[in-house]
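Trainee: Take 2 as the starting number for the sequence shown in my numbering and just add one per residue.
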Amino acid sequence: MSALMPTYAPSDLAFEKGEGVYLYTADGRRFLDFCAGIAVSCLGYNHPHMVKALKDQADKVWHVSNLYRSPGQERLAQRFVEASFADRVFFCNSGAEALEAALKIARKYQRDNGHPERFRVIGCENAFHGRTLATIAAAGQAKLLEGFAPVIDAFDQVAHGNLNEMRAAITDKTAAILVEPVQGEGGLRPAPEGYLQGLREIADEFGLLLMFDEVQCGMGRTGKLFAHEWAGVIPDVVSTAKGLGGGFPLGACLTTEAAGVLGVGNHGTTYGGNPLGMAVGNAVFDILTQDGFFEHVTQMGKVLDAALHSLVEKYPTVFDETRGLGLMRGIKLKDAIVNRDFKAGLEAEGLLVAPAGDNVIRLLPPLIIQDAHIAEALSIFETVAQSYV
């Protein structure tokens, strides 16, 4: 029996090494990775620029804490400011921590602006924001909350994409709106056209902060640095992580100047923004901001979307529909087919994917994939689909 706490039910696979978009077991089996550590390994495996950055920094200093200046933090923060809506950046270790920072910002912003009674945050049904007590309450899903009562009573949820419900849920205690521009765990659901713009208008009308959870859909995953950019909307706060470190634990909370209300003693982190993380984060940023990189992601997203649509057309008794944006895609299975079973079938044929809500198979390949990799994945999908016909 393993000494590990059984918080996961992992596949019986252990990978020894990775190269590009492939992972290898100790006995030499090769797997095409369309999971990327759940949208984390954005540049695949053993990327030479990332490896060099980490090794070079490891020979210098690993950790000194935030009691001292960090040139790596200052550089990466400035790069975010130059490339996005942001004026201020807080670095941490994970997506959940980045969301916790956002939730604290919502309360302090309202207090600083004369409304200490405003503390509630409105989100969307089927959301996922992390595994802390606050972030499971923010998502509000029963399966996440079971066993952890009493639930933190500071959050409300409305239907995703419904502006009327959002407006109706606002009270004199509401501080902020928190949504994922593309729901990941909730079933690969992009925000409907006009939705994010409508949220901006509502937030402005009622004096609320508009906060986006871009932990999964950010860092180039949809073909822009952040998914909300497709809507031309400027948020007040964005939390991101996953692809930011390309596999190294790294998160960030970005804010406008007005929302950058956290000061000395308000918040902190021991490990967040350490020199190792900043070296890797800057290396990832180097690649993402190269000319043509996001255009490549957009093009590969279109190719993958077309491939998934062909599966729906060819196997209508197996697949229901496709969803997603960029290289954050999903394909919904018919109710009679369990997505975790289908996932296991794909693994047996050498393709790694992730399940998602609403019986969806989630495809989150490294952003460096090429047409040949999509063709290989499509062939494996067809092999498994034929077993259900």
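For every residue, glycine included, the Cβ atom is placed at its ideal position computed from N, Cα and C.
Pop quiz: Ala-99 and Ala-192 are said to be a contact at Cβ under 8 Å. What is the actual Cβ separation, rounded to whole angstroms?
Mentor: Numbered from 1 along the sequence shown, position 98 holds the residue referred to as residue 99. Numbered from 1 along the sequence shown, position 191 holds the residue referred to as residue 192. Contact flag wrong, Cβ pair sits at about 19 Å.
Trainee: Here's the rule: buried if 16 or more other CB atoms are within 10 angstroms of the residue's CB, otherwise exposed. What is Arg-89?
Mentor: Here residue 89 corresponds to residue number 88 of the sequence shown, with the count starting at 1. Answer is buried; the Cβ neighbour count reaches 16.
Trainee: Compare the Cα-Cα distances from Asp-342 to each of Val-234, Glu-215 and Pro-356 and report the closest residue.
Mentor: Reading the sequence shown from its first residue, position 341 is the one you call residue 342. Cα-wise, what sits closest to Asp-342 is Pro-356.
Trainee: In the DSSP assignment, find the unbroken beta strand (DSSP E) run with Phe-294 in it and report its ends.
Mentor: Residue numbering aside, residue 294 sits at position 293 when the sequence shown is read from its first letter. That residue, Phe-294, is in no beta strand (DSSP E); its alpha helix (DSSP H) goes 294-315.
Trainee: From the DSSP output, in three-state form, read off Asp-359 for me.
Mentor: Translated into the one-based positions of the sequence shown, residue 359 becomes position 358. Here Asp-359 sits in coil by DSSP.
Trainee: Rounded to whole angstroms, what's the CA-CA distance from Cys-93 to Cys-254? Just pull it up for me.
Mentor: Indexing the sequence shown from 1 puts residue 93 at position 92. Indexing the sequence shown from 1 puts residue 254 at position 253. Near 8 Å, if we compare the C-alpha coordinates of Cys-254 and Cys-93.
Trainee: For Gly-293, would you say it is in contact with chain C, using Cβ-to-Cβ distances shorter than 8 Å as the test?
Mentor: Among the chains in the structure shown there is no chain C, since it carries only a single protein chain.
Trainee: Buried or exposed for Asn-114, going by 16 or more other Cβ atoms inside 10 Å?
Mentor: Taking the first residue of the sequence shown as position 1, residue 114 is located at position 113. Classification of Asn-114: exposed, given that the 10 Å Cβ count is below 16.
Trainee: What residues match up with Lys-18 in a beta bridge as DSSP calls it?
Mentor: Mapped onto the sequence shown, residue 18 falls at position 17. In DSSP, Lys-18 forms a bridge with Tyr-25.
Trainee: For the pair the stretch 34-47 and the stretch 228-248, tell me if three or more CB-CB distances fall below 8 Å.
Mentor: yes
Trainee: Apart from the five residues on each side of it in sequence, which residues of its chain come closer than 7 Å, Cβ to Cβ, to Tyr-110?
Mentor: As a working mapping, residue 110 is identified with position 109 in the sequence shown. Leaving aside the five residues that flank Tyr-110 on each side, the residues in its chain whose CB is nearer than 7 Å to its CB run, in chain order, Leu-210, Ala-260 and Val-262.
Trainee: Going by alpha carbons, who is nearest to Lys-344 out of Ala-386, Leu-305 and Tyr-316?
Mentor: Residue numbering aside, residue 344 sits at position 343 when the sequence shown is read from its first letter. Lys-344 has its Cα closest to that of Ala-386, out of Ala-386, Leu-305 and Tyr-316.
Trainee: With C-beta atoms as the reference, is His-130 less than 8 Å away from Ala-143?
Mentor: Counting from 1 along the sequence shown, the entry for residue 130 is found at position 129. Counting from 1 along the sequence shown, the entry for residue 143 is found at position 142. Contact flag unset, no.
Trainee: Does the beta-carbon of Gln-371 have 16 or more other beta-carbons within 10 angstroms, so that it is buried, or is it exposed?
Mentor: The sequence position of residue 371 within the sequence shown is 370, counting from 1. Gln-371 comes out exposed.
Trainee: Based on DSSP bridge pairs, tell me the residues matched to Leu-210.
Mentor: By one-based count along the sequence shown, residue 210 stands at place 209. Looking at the DSSP assignment, Leu-210 forms a beta bridge with Ala-177.
Trainee: To the nearest angstrom, how far is it from the Cα of Leu-368 to the Cα of Ser-85?
Mentor: Sequence index remark: in the sequence shown, residue 368 carries index 367 (1-based). Sequence index remark: in the sequence shown, residue 85 carries index 84 (1-based). Spanning the two alpha carbons is a distance of roughly 20 Å.
Trainee: Identify every residue that forms a DSSP beta bridge with Gly-325.
Mentor: Your numbering for residue 325 matches position 324 in the sequence shown. Bridge partners of Gly-325: Arg-330.
Trainee: Taking only heavy atoms of the ligand SAH into account, decide whether any of them is closer than 7 Å to the Cβ of Pro-191.
Mentor: Among the components modelled here there is no ligand, and therefore nothing to report on the ligand SAH.
Trainee: Going along the chain, which residues of its own chain have a beta-carbon closer than 8 Å to the beta-carbon of Lys-61, five neighbours each way excluded?
Mentor: Indexing the sequence shown from 1 puts residue 61 at position 60. Cβ neighbours of Lys-61 beyond the five flanking positions: Pro-276.
Trainee: Do Lys-333 and Thr-318 have their CB atoms nearer than 8 Å?
Mentor: Position 332 of the sequence shown, counted from the first residue, corresponds to residue 333. Position 317 of the sequence shown, counted from the first residue, corresponds to residue 318. Between Lys-333 and Thr-318, the gap from beta carbon to beta carbon reaches 8 Å or more.
Trainee: Are the CB atoms of Leu-353 and Phe-149 within a distance shorter than 8 Å?
Mentor: If you number the sequence shown from 1, residue 149 lands on position 148. If you number the sequence shown from 1, residue 353 lands on position 352. No; because the gap between Cβ atoms is not below 8 Å, this pair is not in contact.
Trainee: Under a three-way DSSP split, which group does Asp-205 fall into?
Mentor: Mapped onto the sequence shown, residue 205 falls at position 204. Residue state for Asp-205 is assigned as helix, using DSSP reduced to three classes.
Trainee: Just verifying my parser: in three-state terms, what is the DSSP assignment at Val-183?
Mentor: Your numbering for residue 183 matches position 182 in the sequence shown. Strand, per DSSP.
Trainee: Return the chain-ordered list of same chain residues with a C-beta closer than 7 Å to the C-beta of Phe-227, the five sequence neighbours on each side being excluded.
Mentor: The sequence position of residue 227 within the sequence shown is 226, counting from 1. Cβ neighbours of Phe-227 beyond the five flanking positions: Ser-85, Glu-215, Gly-219 and Val-239.
Trainee: Using 8 Å as the Cβ pair cut-off and three pairs as the minimum, do the stretch 176-188 and the stretch 197-211 touch?
Mentor: yes
Trainee: Measuring only the C-alpha atoms, how far is Ser-66 from Gly-45?
Mentor: By 1-based counting over the sequence shown, the position of residue 66 is 65. By 1-based counting over the sequence shown, the position of residue 45 is 44. Between the alpha carbons of Ser-66 and Gly-45 lies a gap of roughly 29 Å.
Trainee: In whole angstroms, what is the alpha-carbon distance linking Val-281 and Ala-54?
Mentor: For the purposes of this step, residue 281 is taken as residue 280 along the sequence shown, with counting starting at 1. For the purposes of this step, residue 54 is taken as residue 53 along the sequence shown, with counting starting at 1. Looking at the two C-alpha atoms, the distance is approximately 6 Å.
Trainee: Could you check whether Met-301 and Arg-222 sit closer than 8 Å to each other, using their CB atoms as the reference points?
Mentor: Start at 1 with the first residue of the sequence shown, and residue 222 comes out as number 221. Start at 1 with the first residue of the sequence shown, and residue 301 comes out as number 300. Contact flag unset, no.
Trainee: Quick one: using the 10 Å Cβ neighbour count with 16 as the cut-off for buried, is Gln-291 buried or exposed?
Mentor: What you label residue 291 is simply residue 290 of the sequence shown in a count that begins at 1. The residue in question, Gln-291, is exposed, as its Cβ has fewer than 16 Cβ neighbours within 10 Å.
Trainee: May I have the straight-line CA-CA distance separating Pro-117 from Ala-170, to the nearest angstrom?
Mentor: By one-based count along the sequence shown, residue 117 stands at place 116. By one-based count along the sequence shown, residue 170 stands at place 169. Distance from the CA atom of Pro-117 to the CA atom of Ala-170, rounded to whole angstroms, is 19 Å.
Trainee: In terms of residue numbering, what span does the beta strand (DSSP E) encompassing Gln-158 cover?
Mentor: In the sequence shown, residue 158 corresponds to position 157, counting from 1. From DSSP, the beta strand (DSSP E) with Gln-158 extends over 156-159.
Trainee: How is Tyr-272 classed by DSSP in three states: helix, strand or coil?
Mentor: Here residue 272 corresponds to residue number 271 of the sequence shown, with the count starting at 1. The three-state reading of DSSP puts Tyr-272 in coil, since its state is none of H, G, I, E or B.
Trainee: First and last residue of the beta strand (DSSP E) that includes Asp-34?
Mentor: In the sequence shown, the residue the question calls residue 34 occupies position 33. Residues 31-34.
Trainee: Measuring alpha carbon to alpha carbon, tell me which residue in Gly-29, Asn-47 and Met-279 is nearest Arg-70.
Mentor: The sequence position of residue 70 within the sequence shown is 69, counting from 1. The shortest Cα separation from Arg-70 among Gly-29, Asn-47 and Met-279 belongs to Met-279.
Trainee: Does the distance from the CB of Phe-213 to the CB of Pro-182 come in under 8 Å?
Mentor: The residue labelled residue 213 in the question sits at position 212 within the sequence shown. The residue labelled residue 182 in the question sits at position 181 within the sequence shown. Yes, the Cβ-Cβ distance between Phe-213 and Pro-182 is below 8 Å.
Trainee: Rounded to whole angstroms, what is the Cα-Cα separation between Val-339 and Ser-388?
Mentor: Reading the sequence shown from its first residue, position 338 is the one you call residue 339. Reading the sequence shown from its first residue, position 387 is the one you call residue 388. So the alpha carbons of these two residues sit roughly 13 Å apart.
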